[in-house]
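What follows is a short report on a single structure.
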C-alpha cells in the first residue's frame, strides 16, 4: 500500500448538512488493508452501516493532478447492496453509490453522489 | 412489513418499479471518449437487446482498437422512486483482468468510472480511471 492512501484516511462529513443520505464516512487502516464505515441519516437518529473492506486502487484520472488512490467498496445490508467508489478531488472526498435493492419493496435501483469535507 | 432503509432518502412509497420500467433513452447510444489521447476505453456502444442493456467497449491498442466484446449492464435510476435511467454498472472479464465500470450521465456526458483489477501474475497495480464520453450519432 502506498502512503498516498493516507490522504483518504479520517472522518469525512457531508458538505450538505440537510442530506437525507450519508451523513459521515470514516476511512481507517485495517491491518494491511483499509476499512470504510458509513453513517446514514435515519428517522430517529444516525444509522450505522456495517463496516466494509475496501479495494485500494491507484487513481490515474487526469484531474486528480497527482498520484492518489481511490477506493472500491461494497456494503451489504441484507435488504440492499451499495457498491461505492470513493476518491478525493481537489480536497473534496467524493462518494458515488450504486444502490441495488434486494427486497421486494418495488424501489428502483439508483445511483447518487455526495461530497464530504475532512473533520477539522 | 415496515420498509427497511439505511438512509432516509430510501424511505419512499412508490408503485413497484421493475428494471424494464426505467427509461434507458439517455443511456443508449454510441459514446466517444472526449480525450483523444486516452490510453484506455475509446468508445462504448450502449444498446438494448432482449430487454437488457448491453455494452460493447473498444480500448486503445498498439495496432488499433481492441474490441472487449459485449457484456450486460445493470441499469440505475436517478432515485429510488425514479423511472429515469441515470447510469449503469457492468463488468468486462478480460481473463487477465476484470474491468468494473460505473457510469452516470452528467450534463449530457457519460462519466465512466473504470476499475481495472488485474488477476494475473504480472504484478501490475489495479487502478482507477474516470473519463468523459460524448454521444455521437455516427455508427462505429
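Protein chains in written order, with the numbering used here: chain A, 1 to 120; chain B, 1001 to 1140. C-beta atoms are modelled at their ideal positions from N, C-alpha and C, and glycine is treated no differently.
Could you check what DSSP says for residue i in three-state terms: helix, strand or coil?
i               : result
residue 5(A)    : helix
residue 1066(B) : strand
residue 32(A)   : coil
residue 104(A)  : coil
residue 11(A)   : strand
residue 1142(B) : Given that chain B is displayed from residue 1001 to residue 1140, the structure contains no residue 1142(B) and the question cannot be resolved.
residue 76(A)   : strand
residue 1008(B) : helix
residue 1171(B) : Given that chain B is displayed from residue 1001 to residue 1140, the structure contains no residue 1171(B) and the question cannot be resolved.
residue 112(A)  : strand
residue 1055(B) : strand
Between residue i and the ligand COA, is the CB less than 7 angstroms from at least one heavy atom?
i             : result
residue 30(A) : The model on display carries no ligand, and the ligand COA is accordingly not part of it.
Please name the residue or residues paired with residue i in a DSSP beta bridge.
i             : result
residue 22(A) : 40(A)
Exposed or buried, residue i, counting other C-beta atoms within 10 Å across all chains shown (16 or more means buried)?
i               : result
residue 1080(B) : buried
residue 2(A)    : Because residue 2(A) sits at a pLDDT of 45, beneath the cut-off of 50, its placement in the model cannot be relied upon, and the following sentence gives the value as read from the coordinates. Classification for residue 2(A): exposed.
residue 1116(B) : buried
residue 1013(B) : exposed
residue 1106(B) : exposed
residue 105(A)  : buried
residue 87(A)   : buried
Would a check of beta-carbon distances place residue i closer than 8 angstroms to chain D?
i             : result
residue 88(A) : You won't find chain D in this structure, because its protein chains are A and B.
Please compile the residues from chain B whose C-beta is within a distance smaller than 7 angstroms of the C-beta of residue i.
i              : result
residue 105(A) : 1003
residue 34(A)  : Those do not exist, as residue 34(A) stays about 13 angstroms from chain B at its closest Cβ, beyond 7 angstroms.
Starting from the beta carbon of residue i, find every residue of chain A whose beta carbon is closer than 8 angstroms, and list them in chain order.
i               : result
residue 1079(B) : 108, 110, 112
residue 1012(B) : 107
Quick one: list the residues of chain B neighbouring residue i, beta-carbon separation under 8 angstroms, in chain order.
i             : result
residue 85(A) : 1102, 1113, 1115, 1128
residue 61(A) : 1128, 1129, 1130, 1131
residue 49(A) : 1006
Quick one: which chain A residues come within Cβ less than 7 angstroms of residue i?
i               : result
residue 1076(B) : 98, 109, 110, 111
The segment 46–53 of chain A in contact with the segment 1031–1038 of chain B per 3-pair CB rule at 8 angstroms:
no
Cβ contact (3+ pairs, closer than 8 angstroms) linking the segment 29–39 of chain A and the segment 109–117 of chain A
no
Is the segment 97–105 of chain A touching the segment 1077–1092 of chain B, taking contact as three or more C-beta pairs under 8 angstroms?
yes
With three or more beta-carbon pairs closer than 8 angstroms as the criterion, would you say the segment 1008–1024 of chain B touches the segment 1096–1112 of chain B?
no
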